[in-house]
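Using the numbering used here, read the sequence shown as starting at 1301 and increasing by one per residue.
In this text, a Cβ means the ideal position worked out from N, Cα and C, and glycines have one as well.
Just so we're clear, the structure is a prediction, and the values are computed from it rather than from any experiment.
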Amino acid sequence: MSLQSHLSDLTGKAFADIGLSSDYGKVVPAQRPELAQFQCNGAMVAAKKIGKPPREIALAVADHLAQAPEVATADIAGPGFINIRLTDETLVEWANMSANDDHLGYDIASEPMIVVVDYGGPNVAKAMHVGHLRATIIGDSLARLFSFAGHEVIRDPHFGDWGFQMGLLIASIEDADPGLPYFDKETTQYPAESPVTLEDLQRIYPEASARARDDEAFADRARHATVRLQQGDGGYRALWRHMKSVSEASQRDDFAALGVNFDLWYGESDVHERIAPMVSSLRESGIAEESDGALVVRVEQPDDNREWPPLILQSSAGGFLYSTTDLATVEMRVKDLGANLVLYVVDRRQADHFTQVFRAARRGNIAPDSVGLEHIEFGTMNGPDGKPFKTREGGVVRLGDVIKMVQGAALDRLNEAHLAEEYPEQEREAIAATVGVAALKFGDLINNRSSDYVLDLERFSSFEGKTGPYLQYAAVRINSILRKAAEQDLSPGAIIGPSVDVERDLVLELLNLPEVIDRSIDLRAPNHLAEYAHTLAGRFNRFYDVCHILSESDPRQQASWLRLSTWTLAALERLLDMLGIEIPDRM
Ligand code: ARG
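Set out below in structure tokens:
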């Protein structure tokens, strides 16, 4: 249990003592730290309900609360705030408990869930571009957060490899080079080498999708190619495998550069076998119906205040679509993986798609109500002009290029700050790579995920302000203090009563960690972790300015401060880990 919830219980009891519901006792960190450590605003809420003056209620509650041995003072302020300070003994007791706990005082889930996080999955024929960056960064952070909280997390990118885009590519390649063996009905022998490179695919795909918009005959060929691929045409499948593997090779590199890994490397095609049985059972139960030659599932609901087009299961040409594979994937995740919760970390422009899929999954009993299906949507990453980030020529920016840019910026900042100066070249580069990725990830995660933000390399890579590099540096510095202490044979000991305010503030901040994790989980919002990590690093810096650990003459005091340092470092490491940020050994 967190200190804050323990104190909420105590305050709740004080409300109960005067005959009111203990629910009013919820306590939060004080808004004005100069007045108190915690505050409870419940008296104002209770006052409205029972029609008594709020200050009168607050006073009575504070009187009862002040009896608790943990509480040093309980005062009232303003219209009826209850301001609370704890005794230093209480803080010290909680500090020692949390500092020595593997989970830093966080109670891991008593009923762990199986959580599937669907994130980052680019389509075949596309090297990852910045559009997938946010999905990857946010998804990975949520996966790490849920895993820390004790849940079983299954990371699944859901690569786009089975829909109309595949038909477009095949039709386009066939048009350009009809003599390739993949299009020869007489053969079953196909080359081992791919006829196309990733660069080819990246050129062909946008051309083909533009062409399909004006050229109905081509669009039709592409639709039929999709169907034939899905039905198992040997040549098409062989070509498809080539396209898939050249794309995946580059995508794997991109993910590796970001330090991101998946438990499953599934794509849409992996549920192909499930589609036919799923479709026929939906048809039998009357949930799937014909409409203009296509097979659809209606998803409107009585209290809708807008129109909801049906989810299309099968096109009139007989092809299965993005929504069909998504629906079959829900089934796979529920039945085979045993998912209790599926988080789809995808651009908010796909909100309608997910509403359709989720509603169809409920109607078709593919996911029972007990399984959470949530679209974790996010805004766009913009360029300096405030528009979605593009190349100078207006093209899509490849992820690999963004990473290079941000690592270049990181190297400049390292040079400016005279960091890592005399290290071997290779180490310096490795540090710049880690710092660059940290800059990118933190710059993203510090924002509320639903807002858009501007990619500002200069600011993101700075060692000052709310940045990834600032936090990495803070951790490296604590590490180096601890190394120096170890060289002097000093080791951390029990935490003793705080002697100065900055020390007490640091302890209180550290004791706040469990609340921050719960909030981040509840809201599926890593920005709370990012914000907190920054506050915590600041508190440590102020503490370290005042408390000269290495030159302290009282050994108990020194050992206590060292423990505060290891605790802070452990917390920062955990937080950065949950943000997907690595910490260099030195800088
Ligand atoms: N492949 C899709 C894209 O590039 C993202 C997949 C998102 N996940 C899903 N289950 N639909 O836009």
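Could you work out which residue in the options is closest to residue i when comparing CA atoms only?
i, options, result
"L1558", "R1511, V1706 and E1499", "V1706"
"A1492", "V1345, V1327 and W1540", "W1540"
"D1701", "D1553, K1635 and E1607", "D1553"
"E1677", "S1509, N1748, G1708 and E1831", "N1748"
"G1378", "N1605, A1343 and K1741", "A1343"
"H1834", "D1854, E1721 and L1879", "L1879"
"D1626", "A1443, F1459 and N1841", "F1459"
"D1789", "P1855, E1758 and K1313", "P1855"
"A1336", "A1372, S1305, I1849 and A1785", "A1372"
"D1388", "P1369, G1405 and I1376", "P1369"
"A1775", "H1403, L1755 and E1882", "E1882"
"D1685", "A1733, A1739, L1813 and L1755", "L1755"
"I1795", "S1321, K1352 and T1390", "T1390"
"I1703", "E1600, A1739 and E1722", "A1739"
"A1786", "L1850, T1691, E1607 and I1731", "L1850"
"D1533", "N1423, E1486 and F1448", "E1486"
"G1567", "S1585, S1547 and S1580", "S1547"
"S1591", "T1436, I1612 and V1599", "I1612"
"I1666", "R1633, K1687, A1522 and D1801", "R1633"
"E1600", "P1724, E1334, Q1656 and F1843", "Q1656"
"L1869", "L1813, D1818 and Q1857", "L1813"
"T1436", "V1345, M1681 and T1624", "M1681"
"Y1490", "N1396, K1544 and R1537", "R1537"
Taking 9 Å as the CB-CB limit, is residue i close to chain C?
i, result
"D1669", "Of the protein chains in this structure there is only one, and it is not chain C."
With a cut-off of 8 Å on the beta carbons, I'd call residue i and residue j a contact; round off their distance for me.
i, j, result
"A1425", "Q1502", "7 Å"
"G1325", "F1315", "5 Å"
"E1803", "C1847", "6 Å"
"W1462", "S1569", "4 Å"
"A1576", "L1582", "So it is not a contact: roughly 11 Å between Cβ atoms."
"H1429", "V1697", "6 Å"
"D1744", "R1434", "6 Å"
"G1380", "P1354", "3 Å"
"F1562", "P1481", "Not really, about 33 Å apart at Cβ, beyond 8 Å."
"I1781", "K1766", "Between K1766 and I1781 the Cβ distance is about 23 Å, and since that is not below 8 Å, they are no contact."
"L1711", "G1405", "Actually they do not touch by this definition, with Cβ atoms about 38 Å apart."
"L1836", "A1871", "6 Å"
"L1876", "L1757", "That belief does not hold up - the Cβ atoms of L1876 and L1757 are roughly 20 Å apart, past 8 Å."
"R1648", "G1683", "Actually they do not touch by this definition, with Cβ atoms about 18 Å apart."
"G1420", "V1328", "The Cβ separation is near 35 Å, so there is no contact."
"S1865", "I1778", "6 Å"
Is the beta carbon of residue j closer than 9 Å to that of residue i?
i, j, result
"S1761", "G1797", "no"
"A1594", "Q1614", "yes"
"L1564", "I1454", "yes"
"A1399", "W1867", "yes"
"R1511", "A1720", "no"
"G1793", "R1713", "no"
"L1506", "I1473", "First, the residue type needs correcting, since residue 1506 is Pro and not Leu in the sequence shown. Contact flag unset, no."
"L1806", "R1783", "no"
"G1708", "M1578", "no"
"D1418", "V1645", "yes"
"A1859", "S1799", "no"
"V1571", "E1499", "no"
"F1620", "G1535", "no"
"C1340", "S1308", "yes"
"A1508", "A1471", "yes"
"S1820", "L1303", "no"
"A1517", "V1597", "no"
"A1617", "H1524", "yes"
"K1741", "S1447", "no"
"R1513", "A1522", "no"
"A1346", "S1321", "yes"
key: Ordered list of beta strand (DSSP E) runs contained in the region 1428-1507, each at least 3 residues   = 1452-1456
request  = Entirely within the region 1352-1421 and at least 4 residues each: give me those alpha helix (DSSP H) ranges in chain order.
outcome  = 1354-1365 and 1388-1399
ask   = Can we say the region 1514-1532 touches the region 1459-1472, given the rule of at least three CB pairs closer than 8 Å?
value = yes
ask   = Would you call the region 1363-1373 and the region 1381-1389 in contact, with 3 or more CB pairs under 8 Å?
value = yes
task = Would you check if there are 3 or more beta carbon pairs closer than 8 Å linking the region 1670-1678 to the region 1636-1646?
result = yes
query = Does the pairing of the region 1823-1835 with the region 1403-1418 give three or more beta-carbon distances under 8 Å?
reply = no
key: Any beta strand (DSSP E) of 3 or more consecutive residues that is wholly inside the region 1302-1336   = 1327-1329
query = Can you list, in chain order, the stretches of the alpha helix (DSSP H) that have 4 or more residues and sit fully within the region 1827-1878?
reply = 1827-1846 and 1855-1878
task = Mind listing, in chain order, the continuous beta strand (DSSP E) runs of no fewer than 3 residues lying wholly within the region 1584-1661?
result = 1588-1591, 1594-1597, 1611-1614 and 1641-1645
Alpha helix (DSSP H) segments (min. 4 residues) lying fully within the region 1681-1757 = 1699-1716 and 1725-1745
request  = Kindly provide the ranges of any alpha helix (DSSP H) runs that are 4 or more residues long and lie completely inside the region 1512-1541, ordered along the chain.
outcome  = 1516-1531
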